[in-house]
Structures are given as C-alpha cells and as structure tokens.
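Undergrad:
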Amino acid sequence: MKNDHLDVEPFIDCKDCCRKLHQICVLHHDAIWPEGFTCEGCLRRDGRRKRENKYNSKKLANSKLGQYIENRVNNFLRKKDCGAGEVSIRVVAASDKYVDVKPGMKARYVDTGEWPETFPYRAKALFAFEDIDGTDVCFFGMHV
Numbered sequence: 001m002k003n004d005h006l007d008v009e010p011f012i013d014c015k016d017c018c019r020k021l022h023q024i025c026v027l028h029h030d031a032i033w034p035e036g037f038t039c040e041g042c043l044r045r046d047g048r049r050k051r052e053n054k055y056n057s058k059k060l061a062n063s064k065l066g067q068y069i070e071n072r073v074n075n076f077l078r079k080k081d082c083g084a085g086e087v088s089i090r091v092v093a094a095s096d097k098y099v100d101v102k103p104g105m106k107a108r109y110v111d112t113g114e115w116p117e118t119f120p121y122r123a124k125a126l127f128a129f130e131d132i133d134g135t136d137v138c139f140f141g142m143h144v
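For the sequence shown, position 141 (counting from the first letter as 1) is numbered 141 according to UniProt numbering, and the numbering increases by one without interruption.
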C-alpha cells in the first residue's frame, strides 16, 4: 500500500470580494460561522470584526482533575516567566470500563486461586489548550 495520495485542499470564497483562500489557513468552519466567510481585508475596510467563535475550550465543562492540572501548569508558567498565555486543561471524556483477567495473568500472579474475573478502571481523555491570537490551539492530548 502506497501513501502517495494527495488530498485537494478546500478553498473558500470571500462573500464580499470573491477572493479565494485556503479554508484551513483562514480557520473557517461552516458549522461555526454558517453565514459565510468574509476575509480580513474586507472586514478591516468596512470597520467590522469577525464574529466570535462560541465553541472554545473555556466553555467546555470543568472537572476537579482538569482544574488541578490547569492551576499547576499556569502557576509553573508564571514562575518561569516564559511569556506563554493562559493554558486551559479539560477532561473531555471519562468512562468506566472493565478489563478481563487472562489465564496467563492468573497462572503467574495467583497463589490462592481467588482472583476476580474483571477489574474496573476509569478511562479519561485530557486535552491542553492555549489561546493564541484569538484562536484556541490544542497542543497536548492524553488518554489514560
């Protein structure tokens, strides 16, 4: 199997001046801005601003774990004075699961013969975001 397929990058047209721009370069998504795209030049010329993205990391639900890590990270960044902006940490998924105990594990670690068939655990997905020039950037993700 070869990895030589090129995907065509979608373009989007400015609804005022009809200029074509890469959709990813201008960070336009129709689900967020359904009224269409207006380029920065037309917005500046008319004295308008781009409507704010209502879907950002600050509006995602907070958790104790996310808040704890977020406070630690932001305190560390302030102490180091590295010039980074505020970081927001969000736990975006958490689910209870069970792992089955395989016969090899029982044979190796069980002396008494009493061992549960399953062990419970909680799976979580944590993501770190930073607001860079008005755009939320996810720079770290972790599944545990």
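All C-beta atoms in this analysis are idealised placements derived from N, C-alpha and C, irrespective of residue type, glycine included.
#1: When the Cα atoms are used, what is the spatial distance from residue 55 to residue 35?
#2: Return the chain-ordered list of same chain residues with a C-beta closer than 8 Å to the C-beta of residue 139, the five sequence neighbours on each side being excluded.
#3: When the Cα atoms are used, what is the spatial distance from residue 135 to residue 105?
#4: With a CB to CB cut of under 7 Å and the five nearest residues on each side skipped, what residues in its chain are close to residue 118?
#5: Between which two residues does the beta strand (DSSP E) carrying residue 69 extend?
#6: Would you call the region 41-60 in contact with the region 78-96, where contact means no fewer than 3 C-beta pairs closer than 8 Å?
#7: Is the beta carbon of residue 22 sitting closer than 8 Å to the one on residue 37?
#8: Count the other CB atoms within 10 Å of the CB of residue 39; is the residue buried (16 or more) or exposed (fewer)?
#9: Of all the beta strand (DSSP E) runs that stay within the bounds of the region 85-132, which reach a length of 3 or more residues?
TA: From the atom records:
#1: What you label residue 55 is simply residue 55 of the sequence shown in a count that begins at 1. What you label residue 35 is simply residue 35 of the sequence shown in a count that begins at 1. A straight line joining the alpha-carbon of residue 55 with that of residue 35 spans about 16 Å.
#2: Along the sequence shown, read from residue 1 onward, the residue named residue 139 stands at position 139. Excluding residues within five positions, the ones whose Cβ falls inside 8 Å are 128, 129, 130.
#3: Here residue 135 refers to the residue found at position 135 when the sequence shown is read from its first residue. Here residue 105 refers to the residue found at position 105 when the sequence shown is read from its first residue. Rounded to whole angstroms, residue 135 to residue 105 spans 48 Å at the Cα level.
#4: What you label residue 118 is simply residue 118 of the sequence shown in a count that begins at 1. Result list for residue 118: 98, 99, 100, 101, in chain order.
#5: Walking along the sequence shown from the start, residue 69 turns up at place 69. Counting along the chain, residue 69 falls outside any beta strand (DSSP E), though it belongs to the alpha helix (DSSP H) covering 64-80.
#6: Touching, yes.
#7: Taking the first residue of the sequence shown as 1, we reach residue 22 at position 22. Taking the first residue of the sequence shown as 1, we reach residue 37 at position 37. Residue 37 sits away from residue 22, with the two beta carbons spaced by 8 Å or more.
#8: As a working note, residue 39 is residue 39 in the sequence shown. If you draw a 10 Å sphere on the C-beta of residue 39, you find 16 or more other C-beta atoms in it, and that means buried.
#9: Runs found: 87-100, 118-132.
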